[in-house]
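Down below is the structure, laid out as structure tokens.
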Ligand code: SF4
């Protein structure tokens, strides 16, 4: 994704220091004794027509952050502003108005589409819920089917008769029925085979460009996220640790976790292969995150201060990164992990652990 969306535009979504935890254990009297910190002080913004990719391993908090944005769960703290309106605590008609402006596409269209409904009724359901007439629903459904590359006759069939890619097209058509400004795409192509993934990504891109849609695109696959996103945010153990233009994050990662994620990706082109960095151990429990930097238990660059002080997300140009490596001096600040470590070691650079070590 090379085109850059002007981020100076008023954001369609502005999330400020949003946190969410869930009870993890209770004592015999039902009192909460431990909490799972799913999202910690996460901030992000998305401009109209922009795609922000949100990546991280399973358990990083990215899906919970998507649910917070959609107001499918309430935040413990922070602020969520959609199209200039604070919806953090919206209820009733205010929340209903907000829902009209933001929709969601889930990973598994098999379970998100009722197999007993005709496709035209699935697509028209949001319009019916918001009071559209039968004639309005019919013309909108025909238009939406064409927009997602399906034929009008497909409307008279059941979703269960369709392939995975076609079902995801139906789910996308339904998400666009109310003409939202923002669509949260939660792993929308993860359940599809590679060639169908490419078709659905291409469809999402063309719909975004035609309708000036903004996407929060949540996925674990950095290659997919890089393909469709203008900017990428990386989450680890509930915190956003790096945000920046997609090409910068993908080709010059500033955070060791991003670098490790990228190095683990399969790449058929030997010229593009990156040094493999092994992430040791599992992600720590979000119930008891490690002190200091949350990534310090797995980071090959960890220093003493990483074990004591949690790094803040700091802005370097158009990149934001939370890592003490960038505090070594103005010459190094904001450089890629490889550049920082090379300069620190007098040009030798660090030697990542190889997959075969
Ligand atoms: Fe690694 Fe330290 Fe940076 Fe955390 S702050 S990512 S432990 S170098």
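Numbering (this note's numbering), first residue to last: 118 to 474. Positions of the beta carbon are idealized from the N, C-alpha and C atoms, including for glycine. Please read all numbers here as calculations on a predicted model, not as lab measurements.
Problem set entry | Among 214, 160, 192, 200, the one whose alpha carbon lies nearest that of residue 206 | Working through the chain shown from its first residue, we reach residue 206 at position 89. Comparing Cα positions, the closest option is 192.
Exercise. CB residue 158 to CB residue 400, shorter than 7 angstroms?
Worked result: Within the chain shown, residue 158 is the residue found at index 41, counting from 1. Within the chain shown, residue 400 is the residue found at index 283, counting from 1. Between residue 158 and residue 400, the C-beta gap is not smaller than 7 angstroms, which leaves the two residues out of contact.
For this session: Can you have a look at residue 119 and say buried or exposed, based on whether 16 or more other CB atoms are within 10 angstroms of its CB?
Result: The residue you call residue 119 lines up with position 2 of the chain shown. Only weak support is given to the placement of residue 119: the predicted model assigns it a pLDDT of 46, under 50, and the question is left unresolved by the model.
Problem set entry | Start-to-end residues for the beta strand (DSSP E) that takes in residue 247 | Locating residue 247 in the chain shown gives position 130, where the first residue counts as 1. No beta strand (DSSP E) holds residue 247; DSSP gives it neither H nor E.
Problem set entry | Buried or exposed (CB count within 10 angstroms, at least 16 for buried), residue 143 | Residue mapping note: residue 143 aligns to position 26 of the chain shown, counting from 1. The residue in question, residue 143, is exposed, as its Cβ has fewer than 16 Cβ neighbours within 10 Å.
For this session: Would you decide whether residue 188 is buried or exposed? Buried here means 16 or more other CB atoms lie within 10 Å of its CB.
Result: The residue given as residue 188 occupies position 71 in the chain shown. With 16 or more neighbouring CB atoms inside 10 Å of its own CB, residue 188 falls in the buried class.
Problem set entry | Of the residues 326, 331, 284, the one placed nearest residue 309, counting alpha carbons only | Start at 1 with the first residue of the chain shown, and residue 309 comes out as number 192. The option with the nearest alpha carbon to residue 309 is 284.
Exercise. What is the DSSP secondary structure of residue 129, reduced to helix, strand or coil?
Worked result: As a first step, residue 129 must be located in the chain shown, where it is residue number 12. Here residue 129 sits in coil by DSSP.
For this session: Give every residue of the same chain whose Cβ lies closer than 6 angstroms to the Cβ of residue 123, excluding the five residues on either side of it in the sequence, and list them in chain order.
Result: Residue 123 sits at position 6 when you count from the first residue of the chain shown. Only weak support is given to the placement of residue 123: the predicted model assigns it a pLDDT of 47, under 50, and the value that follows is read from those uncertain coordinates. None.
Problem set entry | Residues surrounding ligand 1 [beta-carbon distance to nearest heavy atom under 5 angstroms] | Residue selection by CB proximity (closer than 5 angstroms to any heavy atom of ligand 1) returns 373, 410, 412, 413, 416, 418, 419, 423, 428, 440, 441, 442 in chain order.
Exercise. In angstroms, rounded to a whole number, what distance separates the CA positions of residue 224 and residue 306?
Worked result: Stepping through the chain shown from its first residue, residue 224 is reached at position 107. Stepping through the chain shown from its first residue, residue 306 is reached at position 189. Taking the straight line from one Cα to the other gives about 6 angstroms.
Problem set entry | Range covered by the beta strand (DSSP E) that runs through residue 152 | Here residue 152 refers to the residue found at position 35 of the chain shown. 149 to 163 is the extent of the beta strand (DSSP E) around residue 152.
Exercise. Mapping DSSP to helix, strand and coil, what is residue 146?
Worked result: One-based indexing of the chain shown puts residue 146 at position 29. The answer is coil: DSSP assigns residue 146 none of H, G, I, E or B.
Exercise. Helix, strand or coil: which one does DSSP assign to residue 442?
Worked result: The count along the chain shown starts at 1 and reaches residue 442 at position 325. In this structure, residue 442 counts as helix in the three-state DSSP scheme.
For this session: Under 7 angstroms Cβ to Cβ from residue 261, same chain only, skipping five residues before and after it: list those, please.
Result: Position 144 of the chain shown, counting from 1, holds the residue named residue 261. Answer for residue 261: 240, 290, 293, 294, listed in chain order.
Exercise. Would DSSP call residue 453 helix, strand or coil?
Worked result: For this step, residue 453 is matched to residue 336 along the chain shown. If DSSP states are grouped into helix, strand and coil, residue 453 belongs with coil.
Exercise. Would you say the region 318 to 330 touches the region 206 to 215, given that touching needs at least three Cβ pairs under 8 angstroms?
Worked result: no
For this session: Can you tell me the Cβ-Cβ gap for residue 137 and residue 180, rounded? I've got them flagged as a contact below 8 angstroms.
Result: Within the chain shown, residue 137 is the residue found at index 20, counting from 1. Within the chain shown, residue 180 is the residue found at index 63, counting from 1. So it is not a contact: roughly 11 angstroms between Cβ atoms.
For this session: Please classify residue 224: does DSSP put it in a helix, a strand, or coil?
Result: Counting from 1 along the chain shown, the entry for residue 224 is found at position 107. Three-state result, residue 224: coil.
Exercise. Can you tell me whether residue 134 is buried or exposed, with buried defined as 16 or more other CB within 10 angstroms of its CB?
Worked result: For the purposes of this step, residue 134 is taken as residue 17 along the chain shown, with counting starting at 1. The C-beta of residue 134 has fewer than 16 other C-beta atoms within 10 Å across all chains shown, which makes the residue exposed.
For this session: Go through its chain and collect everything with a Cβ distance to residue 327's Cβ below 7 angstroms, but skip five positions before and after it.
Result: As a position in the chain shown, residue 327 is number 210, starting the count at 1. Contacts found: none.
Problem set entry | Among 252, 184, 236, 248, nearest to residue 219 - alpha-carbon criterion | The residue you call residue 219 lines up with position 102 of the chain shown. Checked all of 252, 184, 236, 248; the closest Cα to residue 219 is 184.
For this session: Return the residue from the list 280, 303, 337 that minimises the CA-CA distance to residue 312.
Result: Counting from 1 along the chain shown, the entry for residue 312 is found at position 195. It is 280 whose Cα lies nearest to the Cα of residue 312.
Problem set entry | Assigned secondary structure, residue 381 (DSSP; H/G/I helix, E/B strand, else coil) | Walking along the chain shown from the start, residue 381 turns up at place 264. Residue 381 falls in the coil class under three-state DSSP.
Exercise. Taking just the CA atoms, how far does residue 255 sit from residue 247?
Worked result: Locating residue 247 in the chain shown gives position 130, counting from the first residue. Locating residue 255 in the chain shown gives position 138, counting from the first residue. If I take the Cα positions, the gap works out to 14 angstroms.
Exercise. Less than 7 angstroms separating the beta-carbons of residue 267 and residue 257?
Worked result: If you number the chain shown from 1, residue 267 lands on position 150. If you number the chain shown from 1, residue 257 lands on position 140. Between residue 267 and residue 257, the C-beta spacing is not below 7 angstroms.
Exercise. Looking only at C-alpha atoms, which of 411, 378, 150 sits nearest to residue 396?
Worked result: As a working mapping, residue 396 is identified with position 279 in the chain shown. Ranking 411, 378, 150 by Cα distance to residue 396 puts 378 first.
For this session: With DSSP collapsed to three states, give me the class of residue 373.
Result: Position 256 of the chain shown holds residue 373. Looking at residue 373 - three-state DSSP - the assignment turns out to be helix.
For this session: Go ahead and label residue 371 buried or exposed: buried means 16 or more other beta carbons lie within 10 angstroms of its beta carbon, across all protein chains shown.
Result: For this step, residue 371 is matched to residue 254 along the chain shown. Counting of Cβ neighbours within 10 angstroms places residue 371 among the buried residues, the total reaching 16 or more.
For this session: Determine whether the Cβ of residue 131 lies closer than 7 angstroms to any Cβ atom of chain B.
Result: In summary, chain B is missing from the structure at hand, where a single protein chain is found.
For this session: Identify whether residue 203 lies in helix, strand or coil by the three-state DSSP scheme.
Result: Along the chain shown, read from residue 1 onward, the residue named residue 203 stands at position 86. Of the three classes helix, strand and coil, the one that applies to residue 203 here is strand, per DSSP.
Exercise. Can you give the Cα-Cα distance for residue 363 and residue 343, rounded to whole angstroms?
Worked result: Taking the first residue of the chain shown as 1, we reach residue 363 at position 246. Taking the first residue of the chain shown as 1, we reach residue 343 at position 226. Cα-Cα distance, rounded: 6 angstroms.
Exercise. In whole angstroms, what separates the C-alpha of residue 176 from that of residue 201?
Worked result: Locating residue 176 in the chain shown gives position 59, where the first residue counts as 1. Locating residue 201 in the chain shown gives position 84, where the first residue counts as 1. If I take the Cα positions, the gap works out to 30 angstroms.
Exercise. Of all the options 375, 350, 452, 165, which has the alpha carbon lying nearest to the alpha carbon of residue 412?
Worked result: Taking the first residue of the chain shown as position 1, residue 412 is located at position 295. Checking every option, the nearest Cα to that of residue 412 belongs to 375.
For this session: Note the first and the last residue of the continuous alpha helix (DSSP H) segment covering residue 321.
Result: Stepping through the chain shown from its first residue, residue 321 is reached at position 204. Looking at the DSSP string, the run of the alpha helix (DSSP H) that includes residue 321 is 311 to 328.
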